[in-house]
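Step one of this worksheet: look at the structure below.
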Amino acid sequence: MNSILSIQSVTKSYGPIRALHQVSFDVPPGSVFGVLGPNGSGKTTLLGIVSDVLKAGSGSYSWFGEPPSEKQRQQIRAAKQNEVIIDRERLTKCIDGWQYPLHFLDYETFSYAIPQFDGIKPFQQMCFQYSLHTIDEPGGEVTHQTFLARDDESNPARALAESLKGALSGEIGTVFVWYESFEKTRNSEMAQMFPDLAPFFEDVNAHTCDLMKVFSENLYVDPKFKGRSSIKKVLPVLRPNLSYKDLGIGDGLSVGVGSQERIALYHATLHEHPMAGGYIGRMPVNAADRYRGYPLTAMLLRLSGDTAAPSAARSSDPSPCEYLVVDRRSSSAELKAYVAQLPADRIASDEARDVYRLR
Numbered sequence: 001m002n003s004i005l006s007i008q009s010v011t012k013s014y015g016p017i018r019a020l021h022q023v024s025f026d027v028p029p030g031s032v033f034g035v036l037g038p039n040g041s042g043k044t045t046l047l048g049i050v051s052d053v054l055k056a057g058s059g060s061y062s063w064f065g066e067p068p069s070e071k072q073r074q075q076i077r078a079a080k081q082n083e084v085i086i087d088r089e090r091l092t093k094c095i096d097g098w099q100y101p102l103h104f105l106d107y108e109t110f111s112y113a114i115p116q117f118d119g120i121k122p123f124q125q126m127c128f129q130y131s132l133h134t135i136d137e138p139g140g141e142v143t144h145q146t147f148l149a150r151d152d153e154s155n156p157a158r159a160l161a162e163s164l165k166g167a168l169s170g171e172i173g174t175v176f177v178w179y180e181s182f183e184k185t186r187n188s189e190m191a192q193m194f195p196d197l198a199p200f201f202e203d204v205n206a207h208t209c210d211l212m213k214v215f216s217e218n219l220y221v222d223p224k225f226k227g228r229s230s231i232k233k234v235l236p237v238l239r240p241n242l243s244y245k246d247l248g249i250g251d252g253l254s255v256g257v258g259s260q261e262r263i264a265l266y267h268a269t270l271h272e273h274p275m276a277g278g279y280i281g282r283m284p285v286n287a288a289d290r291y292r293g294y295p296l297t298a299m300l301l302r303l304s305g306d307t308a309a310p311s312a313a314r315s316s317d318p319s320p321c322e323y324l325v326v327d328r329r330s331s332s333a334e335l336k337a338y339v340a341q342l343p344a345d346r347i348a349s350d351e352a353r354d355v356y357r358l359r
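In terms of my numbering, the sequence shown has 112 at position 112, counting the first letter as 1, and numbering is strictly consecutive.
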C-alpha cells in the first residue's frame, strides 16, 4: 500500500466560482497530514468530496488504493447526513418475491473434534435444535414450533430433520434466515447424510430468503448500524425494546462461562453429556459447574477466564476428560504452557487445533 488517501486532479466549481482546481496529493501511511488554507480556499469542499458528501466536477480519489464502492458511498452518506437511506425500488422488489406461508427458521448446533456418528467430519456443525415461526397468510397470527434433540445415543440431526419436514409439511412458501450460508450449509449436509430427505432440504434451500441481505446489500442503511449487518447490530436499532444485552445469554459462545477462549473439554462418556463435547463457551451451566470440581479442568477453565472456577477443586480425581482440544490461535501462553506439561499424547492436529488424549 503506497498511500492511505490519493487525490488526483480534483476540480470543483459552484457556478462561476471555482473552489478547487486540479488538486492532487497523497497521504502516506503513518503520517499526520493537515490541509491548511484561508477561509474560502476549498478545504471543506475537498473534505466533503473525499467523504463522498460532495461530488467533484472532475478528477478522482481513492482510499487505500481503491475508489469507494457504491455501498461504501451510501454508508458514508448516511453517516454524514445522519439519516436513513432506503432503496425503495429494490426493497419493494425483494418483498414482492416473498410467498406465503412465511417461515422464520433458526438452527442451534454443536461440534466435536472426534465425530461421534458415522458420516460426520471433525468439527462439523451438528444441528440439535431448531426454532420455526410461521405466518400462514397476510395478517395471520404467528405460530411457533420447535425441536430439541434429547436422545444421546443417536444422531440428533436425523430426528431434527424428520421433525422439520413435518413442520413444513404444507406449502413451503418462503423460509427466512439470517446469514443464509449457515442454514443452507446445514441443510446441504443433512441432505447428504440422509439421501431420502435430500429433495426436502433442496426445496427448503430453493425457497430460502436471507434477511441479512436487506442490510448487507444496502437496501436499508441506518448510520446507527455503523456499517454492520449482524442481527445484534441491526435489531436494537430497528426495535430498541429488543436487545441481546437484556438476555440472560446474549452470546452463544458465552454459555456457562464468560470466556471466548476456544478450548474444548471432552467427557469420557460423551453420549452421556453430548453438549460437554463442544467448546467451553458452549457448555451448559451444569456441565461447567461439574468441570469446576476437578483439578485439571478447573485449571483449564481458570486459564480461559472463568472467574467462577475454584483454586482448589472438590474432587480428588484429576479429570473427567478423555480428550482435550486446544485452539492455538486464541489460547493464552499460560494455558498452552499448562497443557504442555499435562500427561497427554497429541493424537491429531490441523492448521489451528491440537487434539490430545489424556493418560
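By construction, the Cβ of each residue, glycine as well, lies at the ideal position given by its N, Cα and C atoms. Source: prediction; values computed, not measured.
(message) I need the straight-line Cα distance from residue 278 to residue 242, nearest angstrom please.
(response) Residue confidence for residue 278 is low, a pLDDT of 35 falling below 50, so the modelled location carries little weight and cannot support an answer.
(message) Quick check on residue 327: does DSSP put it in helix, strand or coil?
(response) strand
(request) Taking all protein chains shown into account, decide if residue 160 is buried (16 or more other Cβ within 10 angstroms of its Cβ) or exposed. (result) By the neighbour-count rule (16 or more Cβ atoms within 10 Å), residue 160 is buried.
(message) Per DSSP, what are the beta-bridge partners of residue 371 in this structure?
(response) Outside the modelled stretch of the chain, which goes from 1 to 359, sits residue 371, for which no answer is possible.
(request) Would you identify the three-state DSSP class for residue 168, choosing helix, strand or coil? (result) coil
(request) Determine the closest residue to residue 117 out of 109, 143 and 155, with distance taken between C-alpha atoms. (result) Closest by alpha carbon: 155.
(request) Excluding the 5 residues preceding and the 5 following residue 343 in the sequence, name in chain order all residues of the same chain whose CB lies nearer than 6 Å to its CB. (result) Only 359 meet the Cβ criterion.
(message) Between the alpha carbons of residue 238 and residue 220, how many angstroms are there, rounded?
(response) Whole-angstrom Cα-Cα distance: 11 Å.
(message) Whole angstroms are fine: how far does the CA of residue 21 sit from the CA of residue 58?
(response) 9 Å
(message) According to DSSP, simplified to helix, strand and coil, what is residue 111?
(response) coil
(message) Pairs of beta-carbons, one from the region 173-183 and one from the region 206-214, closer than 8 Å: are there three or more?
(response) Enough Cβ pairs lie closer than 8 Å, so yes.
(message) Quick check on DSSP: helix, strand or coil for residue 332?
(response) coil
(request) Compare the Cα-Cα distances from residue 6 to each of 17, 33, 19 and 12 and report the closest residue. (result) 33
(request) To the nearest angstrom, report how far apart residue 30 and residue 3 are at their CA atoms. (result) 9 Å
(request) Could you tell me how far apart the beta carbons of residue 107 and residue 94 are, in whole angstroms, since I believe they sit closer than 8 Å? (result) With a Cβ gap of about 23 Å, residue 107 and residue 94 do not count as contacting.
(message) residue 190 and residue 201 - do their beta-carbons sit closer together than 8 Å?
(response) yes
(request) With a 10 Å radius around its C-beta and 16 neighbouring C-beta atoms as the bar for buried, classify residue 266 as buried or exposed. (result) Summary for residue 266: the model assigns pLDDT 35, below 50, so the residue's position carries little reliability; its value from the coordinates is reported in the next sentence. Buried is the call here.
(message) Which of the three DSSP states is assigned to residue 349 in this structure?
(response) strand
(message) Here's a check: name, in chain order, each residue in its chain whose Cβ is nearer than 6 Å to the Cβ of residue 146, leaving out the five neighbours to either side.
(response) 131
(request) Report the rounded CA-to-CA distance for residue 226 versus residue 347, giving the unit in angstroms. (result) 44 Å
(request) Evaluate residue 186 with the Cβ neighbour count: other Cβ atoms within 10 Å of its Cβ, from every protein chain shown; 16 or more gives buried, anything less gives exposed. (result) buried
(message) Just to confirm the assignment: which complete alpha helix (DSSP H) runs, minimum length 4, are found wholly within the region 178-229?
(response) 180-193, 198-206 and 213-216
(message) Quick check on the burial criterion: 16 or more other C-beta atoms within 10 angstroms. Buried or exposed for residue 97?
(response) exposed
(message) Which same chain residues end up closer than 6 Å to residue 355 when comparing Cβ atoms and leaving out the 5 residues on each side of it in sequence?
(response) 113, 325, 347 and 348
(request) Less than 8 Å between the CB atoms is what I'm expecting for residue 381 and residue 46, so what's the real figure, rounded? (result) A query on residue 381 cannot be resolved here, the shown segment of the chain reaching from 1 to 359 and no further.
(message) Give me, in chain order, the residues of the same chain whose beta-carbon lies closer than 7 Å to that of residue 60; leave out the 5 immediate sequence neighbours on both sides.
(response) 8 and 67
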